[in-house]
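In this note's numbering, the protein residues as written are 40 to 265. For reference, the structure discussed in these notes is given below.
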C-alpha cells in the first residue's frame with residue numbers, strides 16, 4: 040500500500056518494484072486492467088532487448104558434470120587416434136629403415152624413402168614384364184618359322200612388343216601378330232628349313248682290299264680254300 044495515496048499496488052516488475060494504478064481515469068473499467076496485471080503491456084523495464092538480453096537459465100551441477108564428462112571423453116578419443124597414427128608411422132619407419140636405432144621419424148625423409156622404394160618396385164616390375172614377353176616370344180618363334188635368337192636381337196621387334204602385357208587375355212594373339220610382322224619385314228629372321236646336300240660323291244669309308252689273315256687258323260683256311 041502506498042504511504043501517501045493509500046492505493047494498493049496492482050503488480051510488481053521483474054526487479055521487484057511495485058506497479059501503482061494511474062489516477063484520473065474515467066472511472067470505467069479498463070479492459071486491460073480488468074484482466075489483471077498479467078494482461079498489462081510490459082514496460083520498457085520488463086521487456087528484454089538486444090542490448091539487455093535475458094540472463095541465461097542457471098545450470099545445474101548435474102548438467103555441468105555431464106558436459107565435463109563429454110569433453111573429457113572427446114579428449115581421450117583424440118589422444119587415442121593420435122597414438123594409433125604415431126604407432127603406424129613408427130612401424131612404417133622401422134620397415135623402411137630397420138637399422139635406425141634412434142626411432143625418430145622425419146616426415147620428409149620418410150616420404151623420400153617411400154618414393155624411392157616405389158620407383159625401385161616399378162623398375163623391377165617393368166623388367167619382369169619384359170623378361171616374360173621375351174620368354175614367350177622365344178617359345179613362340181618356332182611356330183611362326185622365325186629364328187628366336189635373331190628375333191630377340193631385333194631392336195624393332197623388341198620395341199614393338201615392349202607395350203604388351205603378359206597378363207592380357209589377347210597377349211598370345213598380339214605376340215603372334217608381332218612375330219609374323221617382324222618376319223615378313225626382315226627375311227633374315229626366317230628359320231632355315233633343311234640344310235642343302237653336300238656336293239661330290241658320298242664317302243662311306245676306305246675301299247675294301249685283300250683281307251689279311253689274323254690267326255694261323257685263318258691263314259691255313261685261306262690257303263686251302265685258295
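We put the beta carbon where it would ideally sit given N, CA and C, even for glycine.
Roughly how far, in whole angstroms, is the beta-carbon of residue i from the beta-carbon of residue j, given that I think they are within contact range, below 8 Å?
i: residue 228; j: residue 194; result: The pair is not a contact, with the Cβ atoms about 12 Å apart (cut-off 8 Å).
i: residue 215; j: residue 179; result: 6 Å
i: residue 135; j: residue 149; result: 7 Å
i: residue 176; j: residue 200; result: 6 Å
i: residue 318; j: residue 191; result: Given a span of 40 to 265 for the chain in the structure shown, any question on residue 318 remains unanswerable.
i: residue 61; j: residue 50; result: That belief does not hold up - the Cβ atoms of residue 61 and residue 50 are roughly 13 Å apart, past 8 Å.
With a threshold of 16 other CB atoms inside 10 Å of the CB of residue i, please say whether the residue is buried or exposed.
i: residue 159; result: exposed
i: residue 167; result: exposed
i: residue 218; result: buried
i: residue 125; result: exposed
i: residue 338; result: Beyond the ends of the chain as shown, which are 40 and 265, falls residue 338; an answer cannot be given.
i: residue 131; result: exposed
i: residue 203; result: buried
i: residue 151; result: exposed
i: residue 102; result: exposed
i: residue 109; result: exposed
i: residue 118; result: exposed
i: residue 221; result: buried
i: residue 208; result: exposed
i: residue 161; result: exposed
Secondary structure at residue i, three-state DSSP: helix, strand or coil?
i: residue 51; result: strand
i: residue 128; result: helix
Quick one: does residue i have its CB under 7 Å from some CB of chain C?
i: residue 154; result: In the structure shown, chain C does not exist; there is a single protein chain.
Scan the region 162-228 and note each continuous beta strand (DSSP E) run of 3 residues or more that stays entirely inside, going in chain order. none
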